[in-house]
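Presented below is the structure to which this report refers.
Number of protein chains: 2
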Amino acid sequence: MSKKSSDYIEFITSRKSTRNFIFEEVPREAIENILECGRWAPSGLNNQPWRVCVSQHPSLKKMLAEATEYGGILESAYYNLVIFLDLEKGYNRVKDLQAIGAFMENLLLGAHAMGLGAVWIGEIINNKEQVNEIFKLSPDKYELMGVIAIGAPDEQLETKKEKERTRRPLDEFVEWY
Amino acid sequence: MSKKSSDYIEFITSRKSTRNFIFEEVPREAIENILECGRWAPSGLNNQPWRVCVSQHPSLKKMLAEATEYGGILESAYYNLVIFLDLEKGYNRVKDLQAIGAFMENLLLGAHAMGLGAVWIGEIINNKEQVNEIFKLSPDKYELMGVIAIGAPDEQLETKKEKERTRRPLDEFVEWY
């Protein structure tokens, strides 16, 4: 394997969730680069059924924080990227949700590329109506898909709280024909 | 932005679909590296609800090809990665489908990292029962999510048939608060 290939594979496989952030400004340009990664995600019929509310204002993050058990993470992250499925752009429920997954993974990898910490908060969809209200978005048009919290990682706390990253081995979910 | 960051952002944003392949062996190790990228995808509660049938035998690819309009692509690709949702591992339909999307995007990026061409064939889910039968997988346990066709790109044909890659600009789907 070439050095370049192994570097990219290592880049993809080393992405991990960051849940502890320091208070340090994240430049808007960094978020734009991250969104650019999402923008190029694949979607069925290239329908790109995503919408993002980028939230940086502390009062807004506080309101979002009230909609999830993981509010502390949202408040301490410099940015909260609130992701919605644009229902009018949707054409197939399975494929639209897969596209959102690809989009959100690209955002996470984009943050990883920028040397920032990020985490996907999915549990907030339990209170999706509350989040729609914050942004005055009609639930008939936009469905909350999750939040990606992004900030400068608190490396000390991350190391201290680090749990072993675990995944099933390949032979548990792959068969060769 | 550091050289390394811009290199990774460029890596993510430059991934594109390849639909024309040359007949050239793809080493099994390359597919293992690609699967490793999928393996580290995020999923809700880390449930990793994926299963992959890696198909390389020509008769098998021919059977798969019969289940989709894009059969020519499947037959000409050296490998077909047939992705299923493991319904017994699933816990939340929205999150499970998002996880599959993140998994499949990681596979596509893995192929990109390896310098291989790849495309996500979603339309085959219209004939999911037929695909389950090929692998003798019960539809109560495994739901077809799509196929990723992987091979060495036919650069000449790709260039000749190249259409402009298009995505909505950021300001059409992003709002800043």
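For the record, the sequence lines run as chains A and B.
Just so you know, the numbering used here puts 6 at position 6 of the first sequence, and the rest follows in order with no gaps.
Add 1000 to a position in the second sequence, counting from 1, and you land on the number used in the numbering used here.
Heads up, the beta-carbon is just placed ideally off N, CA and C, and yes, glycines get one too.
DSSP three-state assignment for residue i, whether helix, strand or coil
i       : result
B:G1090 : coil
B:Y1008 : helix
A:F103  : helix
B:N1046 : helix
B:L1170 : helix
B:L1108 : helix
Distance, residue j Cα to residue i Cα
i       : j       : result
A:N46   : A:K61   : 31 Å
B:G1151 : A:S14   : 25 Å
A:I83   : B:D1140 : 31 Å
A:L144  : A:I9    : 31 Å
B:E1105 : A:K160  : 31 Å
A:V131  : A:I125  : 8 Å
B:I1012 : B:E1158 : 19 Å
B:G1071 : B:R1019 : 11 Å
A:E75   : A:W120  : 14 Å
First and last residue of the uninterrupted beta strand (DSSP E) at residue i
i       : result
B:P1058 : Per DSSP, B:P1058 belongs to no beta strand (DSSP E); it is in the alpha helix (DSSP H), 1058-1065.
B:I1121 : 1117-1121
A:G146  : 142-153
A:S55   : 50-55
A:E175  : 174-176
Terminal residues of the alpha helix (DSSP H) in which residue i lies
i       : result
B:V1131 : 1128-1134
B:G1038 : 1028-1039
B:I1124 : Unbroken run through B:I1124: none, as it is neither H nor E.
B:E1075 : 1071-1076
Same chain, Cβ closer than 7 Å to residue i, five either side skipped, listed in chain order
i       : result
A:L137  : F84
B:K1095 : G1044
B:R995  : A query on residue 995 of chain B cannot be resolved here, the shown segment of chain B reaching from 1001 to 1177 and no further.
Own chain residues within Cβ distance below 8 Å of residue i, not counting five before or after
i       : result
B:P1042 : A1099, A1102
A:I31   : V54, Y79, L81, I150
B:G1090 : N1047, P1049, D1096
Cβ-based neighbour list, residue i, same chain, cut-off 6 Å, excluding 5 preceding and 5 following
i       : result
A:L97   : none
A:F135  : C53
B:G1038 : F1103, N1106, L1107
If you measure beta-carbon to beta-carbon, which residues of the stretch 55-77 of chain A are closer than 8 Å to chain B?
-> S55, Q56, H57, L60
Cβ-based contacts, 9 Å cut-off: residues of the stretch 1095-1115 of chain B near chain A | K1095, D1096, L1097, Q1098, A1099, I1100, G1101, A1102, F1103, M1104, E1105, N1106, L1108, L1109, G1110, H1112, A1113, M1114, G1115
Contact residues within the stretch 21-32 of chain A, judged by C-beta distance below 9 Å to chain B = R28, E29, A30, I31, E32
Could you please tell me which residues of the stretch 124-142 of chain A, in chain order, have their CB closer than 7 Å to any CB of chain B?
-> I125
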